[in-house]
Each structure stands twice: as structure tokens, then as C-alpha cells.
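Engineer: Be aware that the first sequence starts at 16, since it is given in the working numbering, and climbs by one per residue.
First the structure, then my questions, so here it is.
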Amino acid sequence: MSETKFVAINEILSGNYTDKHISVRGWIYRTRSSGNIVFINLRDATGILQATVKRDNLSDEMFEEAKKTLIESSIIVKGTIAEDKRAPGGYELRVDTFQVLQSAEPFPIVEDQSPEFLLDQRHLWLRSQKLNAVLKIRSTIVGAIHQFFRDHDYIEFDAPVLQPNQCEGGATLFEVKYYDNKTYLSQSWQLYAEAAVFSLEKVYNMGPTFRAEKSKTSRHLSEFWMAEMEAAWVKLPKLTEIAKKEVQFILKQVVEKNSPELQVLDQDVEKLKHIAESEFPTITYDKALSILKENANMKVPWGKDLRTIEENKLMEYFETPVVVTNYPLEIMAFYKPEDPKKPKTALCFDMIAPSGYGEIIGGSQRSEDIDYMKKRLRETGEDEENYEWYFDLRRYGSVPHSGYGLGVERVVAWICNLDNIKDAIPFPRTMNRFQP
RNA sequence: GCCGUCGUAGCUCAGUUGGUGGAGCACUCGGCUGUUAACCGAGCGGUCGCCGGUUCGAGUCCGGCCGACGGCGCCA
């Protein structure tokens, strides 16, 4: 006995099944009835197809069922595909068999929606055209990151999620009860990766990262995915080149694989293609300050970090992401070294995305000076004893090494033209939301 | 942590000077043989965020609290 073969909707819409009699399965996206005809827009993972149910073409029981079955019910329909200009997409299924698998209760998400309500109903809103498109693009981006590093001979290396101390400084850790002790959810993979490069030389990883920052903005999540790399023998100029190539590769992959999804999201495919093929400029922090002063009359005192308003203003003068290097040493984390050629600045960089999406990458060369790092830890009130294992890495054959972290959701939000980073991850966690 | 906006039907919102709470959508019933978030008619649907105060009378005025969202700071 042969099993029924079901055809995917995108196959039908590309014209491969015209005049064929086939079976399709999926969920009711929209439904309208008009006495003796019912129009059902049927949704599957690949697209939306209009199914036209006429009273004369099937049994009365099936027709009445088609008429009353509500949105998001799961159904199987059989019929003949016809090319028809009146149907959205240009093709429709003329139904002769209508079968309900599960008749849905009234779907809570209707015409009028608020962002908060959609977050409450996230488990159902995943079915929307918008999130369907975002999640497909996110998958391309995640795949591209793995491919980029593997193509360049990086080894995937995993760090513990439960960590004994903080990496980035500040009270931004989620505390976890660990038997009779305390531990913290990972804030960065970096310190462990630094141990790995003395064995594997080039490593990367992508995984969940946790920051208990009390940030309530459209760019922050408490749980987000960070794609990090760390490599021995690499210094800052080379590091920024790798970061640029990675982002360009991600963009090329999305443009190649996800044009229909970008259109659903109202993103300009040509613009992204252009960015993917452009050089990303590198400027210093000093240069950024002078651009702001000369063009926008924004005077940032030297030594202050660039704030959101300043980053956004700066990006008005660029159409691609920009790498900014040599931030003031004082405002940087303890492991970032001083640039011998530009005293008081660090061998570090941020990559800032266009259009207000902010910092998508942060990275640096790593200090090899144990006394300097101890001093910086003491200044921020940290217990340097927790870091003894980390200092060992400088005691046994230390070499120059560097790394950076890319915020996956920030990149997804930028590429998908999203208003809010919450839509860049299936189930967002923020300061006030951890359900569903 | 600071600042701002908002809490009224399942959802989105209106509600005038304080006088028995409305609309659209959803859902139910009826009508319609080509709809495009269909349309037409009827019905169902309420702890007006919570507590207290003023008043003959509070969704509306006053005080306090709670919650949500956004902006800044910090970060990716």
C-alpha cells in the first residue's frame, strides 16, 4: 500500500503541478465563504495557496465542514491545480476532497494586534508570515557563521555555560544555585577560548549568552546568541579583516538564499547585496570623534564611550558597517591591552551596523601582561584570585592572540529590517519577560 | 538606576462638564456562486488594573500602589 504523497505549496506556486490532481496539507490561514463557494488560504512551511471549494465538487458533508472550519485548523485537501489570475499567487487548488485533522478553537490572534499581546501569544505567532521569514533567515545566518569558520579551518570549541566568575565586568550575571555553591550563567565564551588557542590555535563557537543588564531597549535581550572566535598569532588589523569578511559572507548567503523572505520583511535586497560587495571602512575612535565634531557639532569629551545617539549620528555618514578601533583604554575590560603606538588607547574594535542597529561585534587583541590585568581587576573590585588559571595561560608559552564576539540577534535584526530585536529570536527573554 | 507613555469586552480602541459603559474585529445564527484581512443583517460578550478618598452619584476628580511598553545609561 502506497502512502499519500503531499506536495509543498512553493512547488505548486512555481507552476510545476498545473492541471495535476494532488494532495496538500497544512493550516487554514484565511477563510471566506459565499453561499455555495468557500475560499480557503492554506498555509504550509513554504507558502500560501488558495483552495477553492465549490458545493458541486464534493459531498454536502465536506462542503459544510469546509464552510465552518476555523482559521489555523489543520487540514488535508485534494484536488486539481489550476492557473487562475483571480487567485493570490496565480494558482489555486480546486478541491474535491476536504478533510479536517483538528478543528481549531477560535484563534486568539486576529486583525488588531499589539506587540505585547503578540509576545504573550508567541507560541502561536511563530506561524505568522513575518516570523516564518525571520526564522528562515536566522537559520541561514547561523549556518553561514558555522560555514565561514569551518571553511577557514577553525575548530568548534565549547565552553561551560555555568561559570565561576564574570568576564565583562559589572553586576550583570545571572546567579545559579550549584549544589551548596553559587555559579553564574555564561556571559562570554572568551576566557575559556583563550585556553583553547594554545592547543587548537583557531577556535569558534556559537551559543547562548546571558546578561542581566537592566536594559529596556529594542536592542537588548537577557538571553541572546553570541558567535565568538579566538585565534593565536592574530593581531588587531588581521582580526578586523576577519570580522569584515565574516559579515560580508553572512550577507551574501542571505541574499542568495532568502530573497523571498527579505521581501516579506520589506527589506531592500539590492541594498544588502551592495553592502555585501563593499569595503567596510576602519576608523579610529579619535577619527569618529572628529567626524562627529566637524559634521554634526557633537562634542564628545575624549575618554567617554560612544553613546547610542553618537553611534547613530556617526552611521549617517556611512552606508556599510564601520569598524571603530582604539577606544580609550580606561573604559575597556581588563583583558584589553594598550596600543604601544597609540598610548592610552586599547587594541580593540567595535563593528557598528548601519541604520541604528548599533554594535554588532566587539573584540580585541588580548593582554599578555599579568600585572596590568591584575591591577585593572582590582580597580573594578574583582577578586584576582579567581583568574589564576587565566594568568597561567600567560605563564606557559604565551603568544599574541585575539578574538571577537558577534551578536547573532543584532545581525538578524539588521538584515531583517526589524523594529525590535525581540523578533530576531523565537522566544525572547528580557528583564520583564521569560514566558512562554 | 533615571525619564516618558499607557492600563475600559478575547483583540484594537472611543468614552464630552461626574449622571444606568460604546464601536470595529473575533465568535454564533441567517443571507450571498470568484472572494483577496470579502460583504449585508442579527446575536453573544464588561471586577473600566488594584486599594483608598471626595461626592447624592466616579471609567471620568484626588492620593497611593501594581503592571506593561519604550527611551537613556551599559552592552553584542
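No residue lacks a Cβ here, since even glycine has one placed at the ideal position from N, Cα and C.
Please report the distance separating the alpha-carbon of K272 from that of W404.
Structural biologist: Their Cα atoms are separated by approximately 44 Å.
Engineer: Give me the DSSP bridge partner(s) of F54.
Structural biologist: Answer is R47, T67, bridged to F54.
Engineer: Using DSSP bridges, identify the partner residues of M244.
Structural biologist: Answer is Y219, Y419, bridged to M244.
Engineer: Please classify F449 as buried or exposed, where buried requires at least 16 neighbouring CB atoms within 10 angstroms.
Structural biologist: Looking at its Cβ environment, which holds fewer than 16 other Cβ atoms inside 10 Å, F449 is exposed.
Engineer: Measure the Cβ-Cβ separation of I346 and L329 and say whether it is below 8 Å.
Structural biologist: Cβ distance not < 8 Å, so I346 and L329 don't count as in contact.
Engineer: Consult DSSP for Q263 and reduce its assignment to one of helix, strand or coil.
Structural biologist: The answer is helix: DSSP assigns Q263 an H, G or I state.
Engineer: Quickly, what does DSSP pair H167 with across the bridge? List them, please.
Structural biologist: Note: H167 sits in no beta bridge, so no partner.
Engineer: Taking the C-alpha atoms as reference points, what is the distance between D71 and I52?
Structural biologist: D71 and I52: Cα-Cα distance of roughly 9 Å.
Engineer: Where does R448 fall in DSSP's three states?
Structural biologist: Of the three classes helix, strand and coil, the one that applies to R448 here is strand, per DSSP.
Engineer: Give me the Cα-Cα distance between M244 and D195, rounded to the nearest whole angstrom.
Structural biologist: Answer to the nearest angstrom: the Cα atoms are 33 Å apart.
Engineer: Just to confirm the assignment, what range does the alpha helix (DSSP H) spanning R393 have?
Structural biologist: Residues 385 to 394.
Engineer: DSSP state of L200, grouped into three classes?
Structural biologist: The answer is strand: DSSP assigns L200 an E or B state.
Engineer: Report the option in R109, S48, T395, S233 whose CA atom is closest to the CA atom of L64.
Structural biologist: Among R109, S48, T395, S233, the Cα nearest to that of L64 is on R109.
Engineer: To which residues of the same chain is I375 closer than 8 Å at the C-beta, ignoring the five residues directly before and after it?
Structural biologist: Once the five neighbours on either side are set aside, the close Cβ partners of I375 are V262, P336, M366, I367, A368, L421, G422, R425, V426, W429.
Engineer: Could you round the C-beta distance between D320 and Y342 to whole angstroms and report it? I think they count as a contact, below 8 Å.
Structural biologist: Yes, D320 and Y342 are in contact; Cβ-Cβ is about 7 Å, under 8 Å.
Engineer: Anyone know if the C-beta pair for L116 and I86 falls short of 8 Å?
Structural biologist: Not closer than 8 Å, so no.
Engineer: Considering only C-alpha positions, which residue in the set W42, Q178, D34, S118 is nearest to I96?
Structural biologist: The candidate whose alpha carbon is nearest that of I96 is D34.
Engineer: Could you check whether S382 and C363 sit closer than 8 Å to each other, using their CB atoms as the reference points?
Structural biologist: Their beta carbons are not under 8 Å apart, which means C363 does not touch S382 by this criterion.
Engineer: Going by the beta-carbon positions, is the gap between L266 and I440 smaller than 8 Å?
Structural biologist: Not closer than 8 Å, so no.
Engineer: Which class does M330 belong to by DSSP, given the choice of helix, strand or coil?
Structural biologist: Three-state result, M330: helix.
Engineer: Assuming E228 contacts T187 under a Cβ cut-off of 8 Å, what Cβ separation, rounded to an integer in Å, is found between them?
Structural biologist: The pair is a contact, with the Cβ atoms about 5 Å apart (cut-off 8 Å).
Engineer: Please determine if the segment 122 to 133 and the segment 218 to 232 are in contact, where contact requires at least 3 C-beta pairs separated by less than 8 Å.
Structural biologist: At 8 Å Cβ cutoff, the stretches do not touch.
Engineer: Thinking C-alpha only, which one of G50, N435, I257, Q278 is nearest S370?
Structural biologist: Comparing Cα-Cα distances from S370 to each of G50, N435, I257, Q278, the minimum goes to N435.
Engineer: Which two residues bound the contiguous alpha helix (DSSP H) that contains S410?
Structural biologist: The question names Ser, yet the displayed sequence has Arg at residue 410. 403 to 410 is the extent of the alpha helix (DSSP H) around R410.
Engineer: F21 bridges to which residues according to DSSP?
Structural biologist: In the DSSP output, where bridge partners are listed per residue, F21 has S38.
Engineer: So does the segment 150 to 166 actually touch the segment 209 to 223, counting three or more Cβ pairs closer than 8 Å?
Structural biologist: Verdict: yes, contact present.
Engineer: What number of angstroms, rounded off, separates the C-alpha of T360 from the C-alpha of L344?
Structural biologist: Going by the C-alpha atoms only, they are around 5 Å apart.
Engineer: Going by C-alpha distance, which of L146, V284, G418 is nearest F442?
Structural biologist: With distances taken between Cα atoms, F442 lies closest to L146.
Engineer: What are the boundary residues of the beta strand (DSSP E) that S382 is part of?
Structural biologist: Premise fails: S382 is in no beta strand (DSSP E) and is neither H nor E.
Engineer: Could you pull out every residue in the same chain whose Cβ sits closer than 8 Å to the Cβ of P352, ignoring the five residues on either side in sequence?
Structural biologist: Excluding residues within five positions, the ones whose Cβ falls inside 8 Å are A361, L362, S379, Q380, R381, S382, E383, D384, Y387.
Engineer: Who does E107 pair with in a DSSP beta bridge?
Structural biologist: For E107, which the question treats as bridged, DSSP gives the partners Q65, A97.
Engineer: Can you say whether K28 is buried or exposed, counting buried as having 16 or more other CB atoms within 10 angstroms of its CB?
Structural biologist: In the sequence on display, residue 28 carries Leu and not Lys. Result: buried.
Engineer: Is DSSP giving D434 helix, strand or coil here?
Structural biologist: Coil at D434, not helix or strand.
Engineer: So is the beta-carbon of I170 under 7 Å away from any non-hydrogen atom of the ligand NAD?
Structural biologist: In terms of ligand content, the structure shown is empty, and the ligand NAD therefore cannot be addressed.
Engineer: Can you give the Cα-Cα distance for P316 and P355, rounded to whole angstroms?
Structural biologist: So the two alpha carbons sit approximately 22 Å from each other.
Engineer: For the beta strand (DSSP E) containing Y300, list its first residue and its last residue.
Structural biologist: It is not in any beta strand (DSSP E) - Y300 instead sits in the alpha helix (DSSP H) that spans 300 to 311.
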